[in-house]
Amino acid sequence: MRLGYKLAAEGFGPKELVRQAIRAEEVGFDFVEISDHFHPWLDIQGHSPYAWNVLSAIAARTTTLGLATGVTCPSVRYHPAIVAQAAATLAILSDGRFTLGVGSGERLNEHVVGQGFGSVRERHERLREALDIINLLWRGGYQSYQGRYLQLEDARVFDLPDTLPAIAVAAGGPVAAELAATHGSGLFVTEPRADLVATFTEKGGRGPKYAEVPVAWAPTEEAAVKEAHRTTRWAVTGWKVMAELPNPVNFEAASATVTEDDVRAFLTAGPDPARYLARIREYTDAGYDHVVLMNAGPDPDGFLDFAGKELIGR
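Here the sequence shown stands for residues 209 to 522, numbered as in my numbering.
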């Protein structure tokens, strides 16, 4: 099992994210992944830098740390040709340490380019076409593609790495888990669901299986929960809300009734390493081999020190 640290790009500026990634490598984390957003979830978070620039800076300042997008939508705000080029470049700059995490996106980020954000079925079809284009371009040479939603005309990615990045596809159900196997080379989830691993492997998936685990570290559980409620209560609303609302003000309204007890039930909070290790085991027992800790507590350095001392290597 490889343990990762989530870079919360909604909560910190670009230089601070690079600093945290360097510290994560120093304390022994295997990799970092970063959210690729245009907006934060809540205005109080106050940030949303361009994830690809941040990852490039991290690649230049680290030597062993794996990198991943968690996750990029390659079908609305970005054209998949741009993602194919960006991912190939980052794989070269990082000497093969990069994984391309992709998903069907959230309205919060994708509506900003004024192309709309279609039904769930359309989003899955657009993601399938986007993965077709990325895989096509990664074969080398000039390529064209005519899909229902996405097109490619006589395009070539000139700088390709010797070993292509894994493509970990975000899945909340069996359709996306099958897509991860047929069009990607990895799986990306937010729940310890063994059924998604089963679908992925049954359909031929053999790559890494990423899972995000919500936690909040502080010297006391009370302090951890209080901070997580202040900045991260939006996560309790669930994916059907998270995928659909267009702006931070809408998430402010949608999470207005979320209580600290709701947050406490949602994540692992406080200073007890045994609780963190037990939560990690839920995911490894379900078949996930890349577990990412998403810390919503008030002190990133305190959490990194805690993880290095109490969690890594166990």
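Beta carbons: idealized from backbone N, C-alpha and C, even for Gly.
* **Cβ pair count under 8 Å reaching 3, the segment 348-361 against the segment 255-263** => no
* Asked: What's the call for Phe-366, buried or exposed, on a 16-neighbour Cβ count within 10 Å?
  -> exposed
* So, are the CB atoms of Ala-299 and Ser-256 less than 9 Å apart? -> no
* Asked: From Gly-349 to Glu-460, what does the alpha carbon distance come to, in whole angstroms?
  -> 47 Å
* Asked: For Cys-281, which option in Glu-430, Gln-228, Leu-301 and Arg-336 has the closest C-alpha, if you only look at C-alpha atoms?
  -> Arg-336
* To do: Identify which residue in Ala-486, Glu-234 and Lys-417 has its Cα closest to the Cα of Arg-269.
  => Glu-234
* Asked: Is it buried or exposed for Val-500, if we count other Cβ within 10 angstroms and need 16 for buried?
  -> buried
* Asked: Whose C-alpha, out of Pro-222, Ala-232 and Arg-210, is nearest the C-alpha of Ala-503?
  -> This sequence places Asn at residue 503; Ala is not what is there. Per the Cα distances, Ala-232.
* To do: Between the Cα of Val-397 and those of Pro-288, Val-240, Thr-297 and Tyr-491, spot the shortest distance and give me the residue it belongs to.
  => Tyr-491
* Asked: DSSP beta-bridge partners for Asn-503?
  -> Val-423
* To do: Tell me whether Gln-351 is buried or exposed, calling it buried when 16 or more other Cβ atoms sit within 10 Å of its Cβ.
  => buried
* **Segment limits, alpha helix (DSSP H) that includes Tyr-484** => 481-493
* What residues match up with Ile-375 in a beta bridge as DSSP calls it? -> Leu-308
* Beta-carbon contacts of Pro-222 that lie in its chain and below 6 Å, excluding the five residues immediately before and after -> Pro-257 and Val-262
* Contact check, Val-321 vs Arg-285, beta carbons under 9 Å -> yes
* State the Cα-Cα distance for the pair Pro-288 and Ala-363, rounded to the nearest angstrom. => 11 Å
* Span separating the alpha-carbon of Val-433 from that of Val-383 -> 34 Å
* Residue range of the alpha helix (DSSP H) that includes Ala-402 -> 402-410
* Specify, as a first and last residue, the run of the beta strand (DSSP E) that Arg-414 falls within. => Arg-414 -> no beta strand (DSSP E), and no H or E assigned at all.
* **Distance, Lys-411 Cα to Gly-394 Cα** => 12 Å
* Asked: Any chance the CB of Ser-312 is under 8 Å from a heavy atom of the ligand FAD?
  -> As presented, the structure is devoid of all ligands, the ligand FAD included, so that no description of it is given.
* Asked: Helix or strand or just coil, what does DSSP make of Val-466?
  -> coil
* Start-to-end residues for the beta strand (DSSP E) that takes in Glu-452 -> Where Glu-452 is concerned, there is no enclosing beta strand (DSSP E), given that its DSSP letter is neither H nor E.
* For Leu-263, the three-state DSSP class (helix, strand or coil) -> helix
* What residue range is occupied by the uninterrupted beta strand (DSSP E) comprising Gln-354? -> 351-354
* To do: Return the CA-CA distance between Asp-497 and Tyr-418, expressed in angstroms with no decimal places.
  => 6 Å
* Asked: If Val-279 and Asp-244 are in contact, beta carbons under 8 Å, what's the gap, nearest whole angstrom?
  -> 7 Å
* Asked: Do the segment 413-431 and the segment 459-478 touch if we need at least three Cβ pairs shorter than 8 Å?
  -> yes
* Asked: Using CA coordinates, which residue listed in Pro-248, Gln-228 and Ile-230 is at the minimum distance from Trp-442?
  -> Pro-248
* Asked: Given Pro-369, which residues of its chain have a CB within under 7 Å of its CB, disregarding the five upstream and five downstream residues?
  -> Ala-296, Ala-299, Ile-300 and Gly-304
* Counting along the chain, where does the alpha helix (DSSP H) carrying Glu-234 start and finish? -> 222-235
* Asked: Taking the alpha helix (DSSP H) that Thr-528 falls in, what are its first and last residues?
  -> Outside the displayed span of the chain (209 to 522) sits residue 528, for which this structure offers no information.
* Contact check, Ala-494 vs Val-405, beta carbons under 9 Å -> yes
* **Unbroken alpha helix (DSSP H) run spanning Ala-389, endpoints** => 382-391
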